[in-house]
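One structure is given below, encoded as structure tokens.
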Amino acid sequence: MGLISLLWGIVALLWMVLALVPVIGITNWLLIPFAAVGAVIAAIGILFTRREHRGRAKAGLILNGIVIVVAAIRLSMGGGLI
0 MGLISLLWGI
10 VALLWMVLAL
20 VPVIGITNWL
30 LIPFAAVGAV
40 IAAIGILFTR
50 REHRGRAKAG
60 LILNGIVIVV
70 AAIRLSMGGG
80 LI
């Protein structure tokens with residue numbers, strides 16, 4: 000679960016960089032639920048793995064959290080459209 004959430008977070012982060020382009024900013028509406036699913040996978044990975052193996056899940060949770068926050072800020076700056 001940790002590796003999946005980490006890879007999910009990397010994909011979401013790359014998508015977020017693409018969505019920072021002004022005309023493509025509307026894709027943030029799809030990016031936020033995508034990153035939220037990655038955060039849920041990371042949370043499950045943190046809860047159900049041994050303490051020694053939680054690093055990747057924590058990293059995935061942090062990456063997905065950053066993507067959600069930045070995408071929400073970007074949507075609020077563009078009025079939800081741009």
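Once you know that position 38 of the sequence shown is 37 in numbering that gives the first Met the number 0, the rest is easy, because the numbers rise by one and skip nothing.
Backbone N, C-alpha and C fix where the C-beta goes; we use that ideal spot for every residue, glycine too.
Everything numeric in this text was worked out from a predicted model, so none of it was measured.
With respect to the C-alpha of residue 64, the residue from 48, 41 and 51 having the closest C-alpha is 41. DSSP places residue 50 in no alpha helix (DSSP H); its state is neither H nor E.
If you ignore the 5 residues before and after residue 17, its C-beta comes within less than 8 Å of the C-beta of 23 and 26, all in its own chain and listed in chain order. Under the three-state reduction of DSSP, residue 10 is assigned to helix. It is roughly 14 Å from the alpha-carbon of residue 29 to the alpha-carbon of residue 13.
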